[in-house]
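For reference, the structure discussed in these notes is given below.
2 protein chains.
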Amino acid sequence: MAGAITRPDDVRRQNRKLVLAAIRRKGALSRTDITMATGLSASTVSAIVAGLVSEGVLLESRDGDGGPIRRGRPQVTLMPNPDIARVGVVNLSLNRITVALVDYAGGIVADETADVPTRSASGGDLMAEIGAMLRRQLQSTAGNSGRLMHIAMAVQGVTDAAGETLLWAPIMEERNIGFGPALARAFGVPVAMANDCAMLAEALRWTAPERYGGDFAAILLSYGIGMGLYLKGQPFSGSRSSAAEFGHMAHMPHGALCRCGRRGCIEAYAGDYAIWRNALGMPDTAPPISSIDAAVFARLAERARTEPGVEREAFHIAGRAIGFGLNNLFSLIDPVPIALVGPGAKVFDLMEPEIRNALSGAFGWGSNHQPEIRCYPQEHPLILQGCAMTSLLALDAEMFSAGEGRSSAQISAA
Amino acid sequence: MAGAITRPDDVRRQNRKLVLAAIRRKGALSRTDITMATGLSASTVSAIVAGLVSEGVLLESRDGDGGPIRRGRPQVTLMPNPDIARVGVVNLSLNRITVALVDYAGGIVADETADVPTRSASGGDLMAEIGAMLRRQLQSTAGNSGRLMHIAMAVQGVTDAAGETLLWAPIMEERNIGFGPALARAFGVPVAMANDCAMLAEALRWTAPERYGGDFAAILLSYGIGMGLYLKGQPFSGSRSSAAEFGHMAHMPHGALCRCGRRGCIEAYAGDYAIWRNALGMPDTAPPISSIDAAVFARLAERARTEPGVEREAFHIAGRAIGFGLNNLFSLIDPVPIALVGPGAKVFDLMEPEIRNALSGAFGWGSNHQPEIRCYPQEHPLILQGCAMTSLLALDAEMFSAGEGRSSAQISAA
DNA sequence: ACTATTTTTTTCGAGCCTCGAAATAAAAGG
DNA sequence: CCTTTTATTTCGAGGCTCGAAAAAAATAGT
C-alpha cells in the first residue's frame, strides 16, 4: 500500500523501458516508429535512443531493409545489439536437460539437450551437469558476443515465489533444491527460476499476443499436469510458491492415488500415468509409473480412437477431470482462453467432449463457460522461448533501463 | 504491456497520492511525520502539502493534541478536511437496504436502513428507494458539509468487472441491473459497485492491516457464500465479472441443488438453506428456501451443539464443503489467512473440525494448508466501512491527486 | 526579560526530465 | 541544382525532487 516514491529519474527509467519494450515487440523500429508506438515526443525518443545507442544497447542500421522507397530523409532502424549480452536458458524436465545460449537480440547462439536420469539424480548432480553444459557453450562461443548477464530456468515442479528454490518436483526425489542461488553463484548473474508452465505462458503471450495478450491459461499435459496463468497482464503466482497447481486441485475425495502422495487430485485422473492405469484396467490406487514411452502412449490413443473399450473410457475420465478443474478455475477467475500444451494436446480429440460437457452447466448469470481451447503438442520449444523472453525482458527492465552508471561499465563487448 | 508513458507531472500526482494515503492511514500527521512515512524530502512534502491545503483538501491544526511538550517549533497537524466532500455508501442485501453518508474525513454524517422485499422488487424499485434515501440524507444534512462526489455500492451478487452492472443476485429475480450508471446519472458522480465480499475484504484490510495487509480471503457465510480476495496488495477480480465465486465451485458432480440453478456447488452444502435442508432431513434436491430467521437458525445450531444427530451432521457436511473449497483455492493461490464473516461465523465451532480435516492432506512439497481462520459475525458494519474506504480512496486517487485544475474549481464548500 | 537551543517548516538553486517549435539532415522529384 | 518531403536533433520553457541554508516558533536557562 505504501508504494515507492517517485523521482524525476524514475520517469526516464520508465520511458526507457517503454522504448525497449516497443523495440523488442517489433524487432526493429525507427525513431519515428518509436514515437508513434510509445506516445512519447520525438525529442524525448531522440534523447533516450541516443543514450541507449551510446551504451551499446541498441544498434543503428542505415540500410532501409526493403521498405518502399519514399521521399524524404530515410529512417534509421534501431534494433537490439545482439553482442551486448547473452542469457542462459535452462529447461529441466523428466530425464532431460536442455541448455541454450541466447543473444540480446533473441538469436540462439548455442543449444544442447542431454538425457539424464533425473529420478535417480541428486540436485547436486543436476546442478553440475547444467553448469558444465552452460560453461561448455560459453567457451565454445566465446569472443563473438557479450558476456552472460542473466539465466532463466524452467523446471517441472513447484518453486518458491522468489524463483530461487525448487520445492518439489515429480521428476526427482530430492526436495528444496536451491538451483537459483547455485547458478547465480556459479556464473555471477541473476537467475530467474520458474515452473515450466509459467515459461510456457510467457512464450505464448509473446508469439500470439492477439490471442494471449489478455488473460489466459496454459495447461501442460505431460508427465503431470501444470498450469501457467496470466491475469491482468501479469503472470500469476502464489504468495509463497509458484502455485497455480491446477493438477492438484481435489477432484474426488479419497479418490485415485496421485503422484504427489495425496488422493483424488485431477492429475490422478488426467496425468499420463493415470490414463495408463485406467486403460490397463488397474486399480486407481496403483502406484503411478514413472515414465511412459511416447510411442506406446500413441498406440493407446489409436486404439481408443478406433474402438470403444477401457482405453477410450480412460481418456473420457481424463477429460472429465480436466473439465471439472476448468470449471472450478473459471468459478474463481472467469472463463479465459485455454492453451493445451504437450503430449496431452495430441489426444485432445479423445477428451474434448467430456471437457466441454463438464463446462456446459451455465451459471445463473449466464456467462457460458465454454472457452476457446487451442492445442500445442510441442512443449519444449515453447518453454525455451519463454525462458529466453523472461531473461531478455529482465535484462531490459533491470539492467539497461537503469541508465549510464552501471551497465556501460559492466559490459565488455568481446 | 504497452503501459502508459510517464511525464514529469505524473511524478507529482504519484507523490500527492502517497501523501494522502499516509494521512488517511494515520488520520492526522505533521509534515515531518509525512516526510518519514513517505520517504519524500521535507521540501517536497512542504510543496505538496501547501498545494493540498490551498485546495482545501487538507486542514491545518495548530493545537498539539496531547503530545508530550517538547522543545522546538511545534508540529502542525494535517488532516483530511471533512467538509471538502461527501461520499454515498449503499449496501444492498437480502430484504435490506442501507444507505449512509460519509464525509471526507471518514465521519458518518447520516445512516439509514430500510427493509425492502428484494425478492419481489424490480431493479427500478430498488433504484428508486436507494435514490430517495440518499437524496433525503443529502437534504437533511445540507449546508454543513461538502457536496457528494462519489458513491460506493455493495451488492450481494455478481457484478461485471467494470463495477457498473449487477449481473445476477440471489436476492432478486431480475438480472443485469445497471445500478452503477443509474446512480451516476441520478447524482452526477462516479459510482463504484462491487460484490459485498470485495467491500468486506477492503474493510478488513483497513481495520487490521497487520493481519490482512498481505494476501488474504474474506468469506461471507450468510444467505449464500461469497468471497473477497486480496492478492499481492490488490483486490482480486475476474476479467469480465467480479468472479471469485467461491460458493459456486463444484463440490460434487450432480450433487445437491444450488440456488444458482446448477448442482453440486459448495453453497449447496454450506449455505444456510443447505444446512437447513440437511438438518430437516430433506432431500438435497429440495428447492432452496428463500430466507431463514436468525433465531430459528440459532436454535438449530444449539441443538447441534448439545446432541448428536442430523442437525450436527448438517453442519459437518457444510464444513466438509467449505474445507474442500479452501483446499482447491489453496491449490491455486497458496494458503492465505481466512476471515469468516457473517452468520456462518457464529457456527464456526460446529464446522471447524471438518474444515481442518479437509485441509489436512499435505502436498508433497510440504506446505501445510492449515491457515489462520478468524471469525467476524457482524458483516454489515464491515461492508459499509469497506464501501466508505473504497469511495474515499477513489476520491484521494482520482480527484485530489489530479492537482489544482479541476478539483478546486468544482468544490464548493457549503 | 533575554538569549541559547531545539525542532519544524520554508526558501532557493542545481540537476533531471518531457515537450513543442524551430532548425538541421538526408533523401527523391523535377 | 533547386524544391519538396520526411526524419531527427537542438533549444528553451516549465515541472519536479532534493540538499543546504534560512526562517519560524517553541522551550530552557540565566
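So the protein lines, in turn, are chains V and C. In terms of the UniProt record's numbering, the first sequence is residues 1 to 414. In terms of the UniProt record's numbering, the second sequence is residues 1 to 414. Each residue gets a CB set at the ideal place from its N, CA and C atoms; glycine is no exception. Keep in mind that this is a model prediction, so the values were computed, not measured.
- In the three-state scheme derived from DSSP, where H, G and I count as helix and E and B as strand, residue 141 of chain V is classed as coil.
- Here the C-alpha atom of residue 380 of chain C lies approximately 23 angstroms from the C-alpha atom of residue 190 of chain C.
- Within 7 angstroms of the CB of residue 46 of chain C, no CB atom of chain V is found; the nearest one sits about 15 angstroms away.
- Bridge partners of residue 231 of chain V according to DSSP: V/234.
- Looking from the CA of residue 386 of chain C, the closest CA among C/238, C/392, C/200, C/289 belongs to C/200.
- When Cβ pairs closer than 8 angstroms are counted between the two stretches, the segment 236-249 of chain V is seen not to touch the segment 4-12 of chain C, the count staying below three.
- Sixteen is the threshold: since fewer than 16 other Cβ atoms of the shown chains lie within 10 Å of the Cβ of residue 60 of chain V, the residue is exposed.
- By a beta-carbon distance limit of 8 angstroms, residue 255 of chain V contacts residue 263 of chain V. Their separation comes to about 6 angstroms.
- Residue 292 of chain V has its alpha-carbon roughly 14 angstroms from the corresponding atom of residue 259 of chain V.
- Of the residues C/57, C/44, C/92, the one whose Cα lies closest to the Cα of residue 171 of chain C is C/92.
- Per DSSP, reduced to three states, the secondary structure at residue 173 of chain C is coil, with no helix or strand assignment.
- For residue 155 of chain C, no CB of chain V lies under 8 angstroms from its own CB, so it is not counted at the interface with that chain.
- Contact with chain C is found for residue 336 of chain V, since one of that chain's Cβ atoms lies less than 8 angstroms from the residue's Cβ.
- Residue contact with chain V for residue 240 of chain C: present (Cβ-Cβ distance below 8 angstroms to some residue of chain V).
- When C-beta distances to chain C are compared with 8 angstroms, the residues of the segment 202-225 of chain V below that value are 209, 213, 214, 215, in chain order.
- Contact between the segment 113-132 of chain V and the segment 161-179 of chain V is present: three or more C-beta pairs spanning the two stretches fall below 8 angstroms.
- Per DSSP, the unbroken beta strand (DSSP E) holding residue 86 of chain V starts and ends at 86-93.
- The criterion of a C-beta distance shorter than 8 angstroms is satisfied by residue 229 of chain C and residue 244 of chain C.
- Taking 8 angstroms as the cut-off, the Cβ atoms of residue 109 of chain C and residue 89 of chain C do not count as close.
- Legend: CB atoms of the segment 177-195 of chain C lying less than 7 angstroms from CB atoms of chain V are not found in any residue.
- Annotation note: the segment 103-161 of chain C contains the following uninterrupted alpha helix (DSSP H) runs of length 4 or greater, listed N- to C-terminal: 123-140.
- Taking 8 angstroms as the CB threshold, residue 7 of chain V lines the interface with chain C.
- Annotated as proximal: residue 154 of chain V and residue 194 of chain V, with beta-carbon spacing under 8 angstroms.
- For a cut-off of 8 angstroms, the C-beta gap from residue 390 of chain C to residue 152 of chain C is around 4 angstroms, short enough to register as a contact.
- A Cβ of chain C is located within less than 8 angstroms of the beta carbon of residue 14 of chain V.
- Per the C-alpha coordinates, the member of C/383, C/394, C/398, C/397 positioned closest to residue 156 of chain C is C/383.
- Chain V places a beta carbon closer than 8 angstroms to that of residue 324 of chain C, counting this residue as a contact.
- Nearest Cα to residue 188 of chain C within the set C/266, C/140, C/209, C/131: C/131.
- Listed along chain V are 332, 333, 334, each with a C-beta nearer than 7 angstroms to that of residue 243 of chain C.
- The Cβ of residue 11 of chain C sits closer than 8 angstroms to at least one Cβ of chain V.
- When Cβ-Cβ separations below 8 angstroms define contact, residue 278 of chain V makes no contact with chain C.
- For residue 262 of chain C, no alpha helix (DSSP H) run applies, since DSSP gives it neither H nor E.
- Chain-order list of chain V residues neighbouring residue 328 of chain C: 249, 250, 328, by C-beta distance under 7 angstroms.
- Distance from the CA of residue 335 of chain C to the CA of residue 136 of chain V, rounded to the nearest whole angstrom, comes to 42 angstroms.
- By the CB criterion at 8 angstroms, residue 58 of chain V and residue 49 of chain V fall inside the cutoff.
- The segment 203-210 of chain V makes no contact with the segment 312-331 of chain V, as fewer than three CB pairs between them are under 8 angstroms.
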